[in-house]
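From first to last, the protein sequence lines stand for chains R and W. Each residue of the first sequence is one higher than the one before, counting from 1 in our numbering. Each residue of the second sequence is one higher than the one before, counting from 1001 in our numbering. No residue lacks a Cβ here, since even glycine has one placed at the ideal position from N, Cα and C. Everything on this sheet refers to the single structure shown next.
There are 2 protein chains.
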Amino acid sequence: MARTRAYDQGTVVVAAKELFWQRGLEGTAIGDLEAATGLSRSSLYLAFGAKRALFDAALADYLDTFIDPLLAPVEAPQSGLAEAARFFRRLAALFADPRSRRGCLMINTIAELAGRDPTFTGPAAQFVNRYRAAFANALRGDAAQGDRTRREIARRSELLAVSTMGVWLAVRTDPTAAAHSCRAVANEITSWVRADQRPRSRNQ
Amino acid sequence: MARTRAYDQGTVVVAAKELFWQRGLEGTAIGDLEAATGLSRSSLYLAFGAKRALFDAALADYLDTFIDPLLAPVEAPQSGLAEAARFFRRLAALFADPRSRRGCLMINTIAELAGRDPTFTGPAAQFVNRYRAAFANALRGDAAQGDRTRREIARRSELLAVSTMGVWLAVRTDPTAAAHSCRAVANEITSWVRADQRPRSRNQ
DNA sequence: ACCGTTCTGTACCGACAAGTACAGAATACT
DNA sequence: AGTATTCTGTACTTGTCGGTACAGAACGGT
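Laid out in structure tokens, this is it:
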């Protein structure tokens, strides 16, 4: 008993995501969104209620379609050091695409909102913790148990989590250099594999 | 033959720096700057010409008074691994201050402007390179020469540079967790010292 | 004491932001 | 075909932004 929508909501969210990804939340005006989605203000506001709600939908889509596939192998139960290294090599490969200059939508948003928007700070911290947990899972995969290795895993998963955040920022200034950094991190991880394979090595 | 200025320009820059540091370039309005500096628009514009010029002065002051002292020991000729570790422990100590939530003004500005403002992208990349060079200098301090160690130094200085950027972002979401990350990085560096002191260790 | 120059505050400007009102177009059901 | 309901475009409101105009206050040199 009503007119049907002339557009697909998912497509609109994807178009909005691309824009937010490139220009940030504040940097994207409603007019830009109109142009990118082909919809007019009224349709946009009818469908999402507010700019921020559309942004939240775009961010959720980003996490689902971009971050999840990237992180899934690292988070899998059968993950290991090799998978962690592969993660950084995959990032390096991504950074060859000139579009990678836009960085990571989530990291960009943390820089824009964390500490300023109280509703965002929580999810932001959780996102960082997800990286920590993912790498801890990967590092647990190959390692022998024991107090020393447990501390080593904790330490190195912190290191990899903050490194990930760092390269996502570095790619905003120089993708080539950032890709180089990714390969360096991957190589460092690979050196851990070699050290672990040596029986009873005391490279704490 | 003219009226003397009733304020100190340096003091104004410092006050502006504090504001930009906390709220970012776009997030700080001229009205905020009036309130923080005690000056009125006209004085501000007479002295600096534009908001961006005042920001540039604030950023330069930030680098001089905050980043330089922090990085100087790492960049010194007699620097070494211990100095690199100390750098991260110093960051961890800084993060105990609740004001550390504002992060690093330069990193925040990279997130805000890099890739969007063409005049800023260059200096931003240089800033990242400064970290790479500083850590490479520190790592060269203790290491024996040789092809393998040279590659190791290059790899690890990349790792530490991006880690630094990462913790400066992480502190925006959770200072306590970020301090923990800093200590983890410091401990990892310390483990390198121990590995090096072992004669002929092959922890590549 | 005067005067030219510089400083400082208020009021204002045009641009642009997010969001809203409302009229009219398009549809699905009866 | 008629109609209730939803969709869509234009025009508007309200607020804030960076920046400017200009009048008058304050000072240094003579």
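In chain R, which residues lie with their C-beta within 7 Å of the C-beta of L982 (chain W)?
Coverage of chain W is limited to positions 1001 through 1204, which leaves residue 982 (chain W) absent and any answer about it impossible.
Quick check on the burial criterion: 16 or more other C-beta atoms within 10 angstroms. Buried or exposed for Q126 (chain R)?
Its Cβ having fewer than 16 others within 10 Å, Q126 (chain R) is exposed.
What whole-angstrom Cβ distance do R172 (chain R) and R86 (chain R) have, given they're in contact under 8 Å?
Going by Cβ atoms, the distance from R172 (chain R) to R86 (chain R) rounds to 23 Å, so no, they are not a contact pair.
Return the residue from the list R:A161, R:T37, R:L44, R:C182 that minimises the CA-CA distance to S1181 (chain W).
R:A161
Looking at V1185 (chain W): is its Cβ nearer than 8 Å to the Cβ of S1163 (chain W)?
yes
Determine the closest residue to T4 (chain R) out of R:K17, R:S43, R:L71, R:I189, with distance taken between C-alpha atoms.
R:S43
Quick one: what does DSSP say R3 (chain R) is sitting in, helix, strand or coil?
Three-state DSSP puts R3 (chain R) in coil, outside helix and strand.
I'd like to know whether the C-beta of D283 (chain R) is nearer than 8 Å to at least one C-beta of chain W.
There is no way to answer for residue 283 (chain R), as the model of chain R reaches only from 1 to 204.
A138 (chain R) CB to nearest chain W CB: under 8 Å?
no
Quick one, are the C-beta atoms of W168 (chain R) and I107 (chain R) less than 8 Å apart?
yes
For G1010 (chain W), which of helix, strand or coil comes out of DSSP?
DSSP, reduced to helix, strand and coil, places G1010 (chain W) within a helical segment of the structure shown.
Should L91 (chain R) be labelled buried (16 or more other beta-carbon atoms within 10 Å of its own) or exposed?
buried
I want to see whether chain W comes within less than 8 Å of G245 (chain R), judged by CB atoms only; does it?
In the structure as shown, chain R starts at 1 and stops at 204, and residue 245 (chain R) therefore has no counterpart that could be examined.
Report buried or exposed for G80 (chain R), applying the criterion of at least 16 other Cβ atoms within 10 angstroms of its Cβ.
buried
Between R:G31, R:F55, R:G115, R:L71, which has its C-alpha nearest G1103 (chain W)'s C-alpha?
R:G115
Looking at the unbroken alpha helix (DSSP H) that takes in I1030 (chain W), where does it start and where does it end?
1030-1037
Establish whether the CB of G80 (chain R) and some CB of chain W are separated by less than 8 Å.
Output row for G80 (chain R): interface = no.
Along the chain, where does the alpha helix (DSSP H) that runs through D142 (chain R) open and close?
118-142
Alpha carbon to alpha carbon, what distance is there between T1109 (chain W) and A1058 (chain W)?
12 Å
With a cut-off of 8 Å, does the C-beta of F1141 (chain W) fall near any C-beta of chain R?
First, the amino acid is wrong: residue 1141 (chain W) is Gly here, not Phe. It does not: the Cβ of G1141 (chain W) has no partner Cβ on chain R nearer than 8 Å.
Any idea if R151 (chain R) is buried or exposed, counting beta-carbon neighbours within 10 angstroms, 16 or more meaning buried?
exposed
So does G1038 (chain W) have its beta carbon nearer than 7 Å to some heavy atom of the ligand HEM?
Here there are no bound small molecules, and the ligand HEM is not part of this structure.
Helix, strand or coil for F1095 (chain W) per DSSP?
coil
Return helix, strand or coil for A154 (chain R), following the three-state DSSP convention.
helix
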